[in-house]
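Student:
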Amino acid sequence: MSRTGRVPELFAHSPEPGLLMHPDDAARRGLKAGELVRVSSKRGELVLPLELSDEVGSGTVFAAMHWSGQYLSSGGINEVSQPAVDARSRQPELKHAAVRVEKAEFSWHLLAARHGDALALRAAVQPLLKDCGYAGLSLQADPHAGDGGAWLVLRAAAATPMPADWLAALDAALSLAAGPDTLEYRDARRGLLKRVAWRSEESTNFVDGLLWIDTQPGGEPLLRTALAGGAWRGPRLAAFSAVAEVARDPVVCVCRQVTESAIRAEVRAGADVPVLKQRLGCGTVCGSCVPQLTRLAREVASA
Ligand code: FES
Numbered sequence: 011m012s013r014t015g016r017v018p019e020l021f022a023h024s025p026e027p028g029l030l031m032h033p034d035d036a037a038r039r040g041l042k043a044g045e046l047v048r049v050s051s052k053r054g055e056l057v058l059p060l061e062l063s064d065e066v067g068s069g070t071v072f073a074a075m076h077w078s079g080q081y082l083s084s085g086g087i088n089e090v091s092q093p094a095v096d097a098r099s100r101q102p103e104l105k106h107a108a109v110r111v112e113k114a115e116f117s118w119h120l121l122a123a124r125h126g127d128a129l130a131l132r133a134a135v136q137p138l139l140k141d142c143g144y145a146g147l148s149l150q151a152d153p154h155a156g157d158g159g160a161w162l163v164l165r166a167a168a169a170t171p172m173p174a175d176w177l178a179a180l181d182a183a184l185s186l187a188a189g190p191d192t193l194e195y196r197d198a199r200r201g202l203l204k205r206v207a208w209r210s211e212e213s214t215n216f217v218d219g220l221l222w223i224d225t226q227p228g229g230e231p232l233l234r235t236a237l238a239g240g241a242w243r244g245p246r247l248a249a250f251s252a253v254a255e256v257a258r259d260p261v262v263c264v265c266r267q268v269t270e271s272a273i274r275a276e277v278r279a280g281a282d283v284p285v286l287k288q289r290l291g292c293g294t295v296c297g298s299c300v301p302q303l304t305r306l307a308r309e310v311a312s313a
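Under the numbering used here, the letters of the sequence shown match residues 11 to 313, in that order.
#1: Name the two residues that bound the continuous beta strand (DSSP E) containing Ile223.
#2: By Cβ distance below 7 Å, which residues in the same chain neighbour Arg274 in space, the five residues on each side in sequence not counted?
#3: Taking only three categories from DSSP, how would you classify Trp176?
#4: On the premise that Ala166 lies in contact with Ala145, defined as a C-beta separation below 8 Å, what is that separation, rounded to the nearest angstrom?
#5: Check whether the stretch 108 to 117 touches the stretch 42 to 56, taking contact to mean three or more Cβ pairs, one atom from each stretch, closer than 8 Å.
#6: Could you give the DSSP three-state label for Lys314: helix, strand or coil?
#7: Which of the three DSSP states, helix, strand or coil, is assigned to Leu41?
#8: Assuming Thr170 is part of the beta strand (DSSP E), what are its boundary residues?
#9: What does the Cβ neighbour count give for Arg132, buried or exposed, with the cut at 16 atoms within 10 Å?
#10: Would you mind reading off the limits of the beta strand (DSSP E) that contains Arg124?
#11: Cβ of Ser271 versus every heavy atom of the ligand COA: is any distance shorter than 6 Å?
#12: Which residues bound the alpha helix (DSSP H) around Leu233?
#13: Give a single yes or no on whether Gly293 has its beta carbon closer than 6 Å to a heavy atom of the ligand FES.
#14: Closest Cβ-Cβ distance between Leu247 and chain C: below 7 Å?
#15: Might you give, ordered along the chain, the residues of its own chain that have their beta carbon closer than 6 Å to the beta carbon of Val57, omitting 5 neighbours on each side?
#16: May I have the straight-line CA-CA distance separating Asn215 from Arg243, to the nearest angstrom?
#17: Which value, in whole angstroms, describes the spacing of the CA atoms of Ala74 and Ala94?
#18: Starting from Leu149, trace the beta strand (DSSP E) both ways and give me its first and last residue.
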């Protein structure tokens with residue numbers, strides 16, 4: 011993410027907020043990647059999705075400070091860290107805190123996404139975040155959008171279903187109320203609500219938005235299909251059932267716009283990181299993708 015969080019392309023390195031934990035520490039605690047965890051210290055607490063990474067040492071966890079109240083239901087990781095600043099310069103001290111991490115249990119889960127002016131969508135949705143047990147927004151670039159359109163993605167959870175007026179406000183913010191181009195599937199007994207908004211171009215259908223509410227997290231395959239931006243094959247109603255996954259090909263090196271599939275192909279052909287740099291140019295500008303290149307090279311080579 012950039013300092014201002016206003017450029018969807020720059021979310022490619024770290025598209026979602028998260029707490030990084032070493033896989034061994036997570037296994038010892040029975041935690042899995044993607045689960046929501048409560049991070050608490052003597053100063054405060056917040057909820058974040060868990061990410062597993064061997065880039066953090068065992069016994070420590072990490073969360074980027076850039077994910078703030080602009081994007082989260084909480085104020086971000088500063089909720090649990092120290093407020094100390096240098097008395098003269100007011101420069102904050104290096105942020106650290108002793109924290110406890112536990113699984114956060116919620117029985118209501120929401121996934122929503124909308125294509126369009128992502129910054130305007132973010133401004134409309136942001137006031138609703140604080141009402142949820144957890145809510146996180148991210149911007150995702152649309153590689154096919156000539157008009158500069160992008161995606162706003164919202165993940166939220168709560169201990170009990172959010173009230174009807176909150177849902178109506180979300181529908182209004184994302185223009186996701188049911189209608190001729192927004193199909194709906196409801197199962198009130200199971201607490202299920204799914205909506206898919208469609209856009210047609212030259213009689214071809216594209217997913218333009220989605221809302222997925224369930225007692226468990228769900229809707230990820232449909233989200234991946236939507237973010238991939240390809241044409242929808244088959245009837246619109248099929249979006250509510252099992253969705254054929256369209257693999258997303260994330261951009262790993264933002265500076266050189268090099269995708270994960272291109273890097274994997276080179277590594278399979280024998281390239282290591284120096285050769286990747288030489289052949290694809292990735293990792294040769296700001297260098298912030300080099301840890302990811304190293305991880306991919308190691309992962310593909312050992313597969
Ligand atoms: S992201 Fe800057 S060099 Fe790859």
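Each residue gets a CB set at the ideal place from its N, CA and C atoms; glycine is no exception.
Tutor: Answer, in terms of the structure:
#1: On the sequence shown, position 213 is the one that residue 223 refers to. 214 to 224 is the extent of the beta strand (DSSP E) around Ile223.
#2: Position 264 of the sequence shown holds residue 274. Result list for Arg274: Leu306, Val310, in chain order.
#3: Residue mapping note: residue 176 aligns to position 166 of the sequence shown, counting from 1. Under the three-state reduction of DSSP output, Trp176 falls in the helix class.
#4: For the purposes of this step, residue 145 is taken as residue 135 along the sequence shown, with counting starting at 1. For the purposes of this step, residue 166 is taken as residue 156 along the sequence shown, with counting starting at 1. 4 Å between Cβ atoms; contact.
#5: yes
#6: Coverage of the chain is limited to positions 11 through 313, which leaves residue 314 absent and any answer about it impossible.
#7: In the sequence shown, counting from the first residue as 1, residue 41 sits at position 31. The answer is coil: DSSP assigns Leu41 none of H, G, I, E or B.
#8: The residue labelled residue 170 in the question sits at position 160 within the sequence shown. Run containing Thr170: none; DSSP gives neither H nor E here.
#9: The residue you call residue 132 lines up with position 122 of the sequence shown. Arg132 is buried by the Cβ-count criterion.
#10: Within the sequence shown, the letter at position 114 stands for residue 124. First-last of the beta strand (DSSP E) with Arg124: 118 to 126.
#11: Of the ligands this structure carries, namely the ligand FES, none is the ligand COA.
#12: Position 223 of the sequence shown, counted from the first residue, corresponds to residue 233. Per DSSP, Leu233 belongs to the alpha helix (DSSP H) from 230 to 238.
#13: The count along the sequence shown starts at 1 and reaches residue 293 at position 283. Result yes, Cβ under 6 Å from the ligand FES.
#14: Absent from the structure is chain C; it holds one protein chain and no more.
#15: Along the sequence shown, one-based indexing puts residue 57 at 47. Excluding positions up to five away in sequence, the list reads Leu46, Arg48, Ala114, Tyr144.
#16: Along the sequence shown, one-based indexing puts residue 215 at 205. Along the sequence shown, one-based indexing puts residue 243 at 233. For Asn215 and Arg243, the distance between alpha carbons rounds to 8 Å.
#17: In the sequence shown, the residue the question calls residue 74 occupies position 64. In the sequence shown, the residue the question calls residue 94 occupies position 84. Roughly 18 Å separates the two Cα atoms.
#18: Locating residue 149 in the sequence shown gives position 139, where the first residue counts as 1. Counting along the chain, the beta strand (DSSP E) containing Leu149 begins and ends at 144 to 151.
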